[in-house]
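Worksheet for the structure shown next.
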Amino acid sequence: MAHVTHIHTAAHHGLFDRAAQVLKGLGERYARYRIYRETLNELASLSNRELSDIGMSRSQIRSVAYEHAYGPRA
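Counted from 1, the sequence shown has number 72 at position 72 by full-length UniProt numbering; the numbering is strictly sequential.
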């Protein structure tokens, strides 16, 4: 009987560890998404002249914000 209880306890710890990993992953995804949105909003607020000064066009805003938050696309 002690063996069965031990297995049951180990399964619970594994479940809680997995749930903690899922929550951590969700938190990291949300943090990256916030970086993407903040970068997107900042760049979108610039005028065409300001974008030109930093070597960008308005059509590049989404891809630049994405690369800033998530890294280069594979």
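Even glycine gets a Cβ: it sits at the ideal position worked out from N, Cα and C.
Rounded to whole angstroms, what's the CA-CA distance from residue i to residue j? Just pull it up for me.
{"i": "residue 27", "j": "residue 20", "result": "10 Å"}
{"i": "residue 33", "j": "residue 40", "result": "10 Å"}
{"i": "residue 66", "j": "residue 23", "result": "23 Å"}
{"i": "residue 37", "j": "residue 46", "result": "15 Å"}
{"i": "residue 56", "j": "residue 42", "result": "13 Å"}
{"i": "residue 71", "j": "residue 63", "result": "10 Å"}
{"i": "residue 54", "j": "residue 74", "result": "25 Å"}
{"i": "residue 25", "j": "residue 15", "result": "15 Å"}
Output needed for residue i: all residues of its chain with C-beta closer than 7 Å, excluding positions within five of it in sequence on either side, in chain order.
{"i": "residue 58", "result": "48, 51"}
{"i": "residue 30", "result": "none"}
{"i": "residue 44", "result": "61"}
Taking residue i and residue j to be in contact with their CB atoms under 8 Å, please state how far apart those CB atoms are, rounded to whole angstroms.
{"i": "residue 68", "j": "residue 35", "result": "7 Å"}
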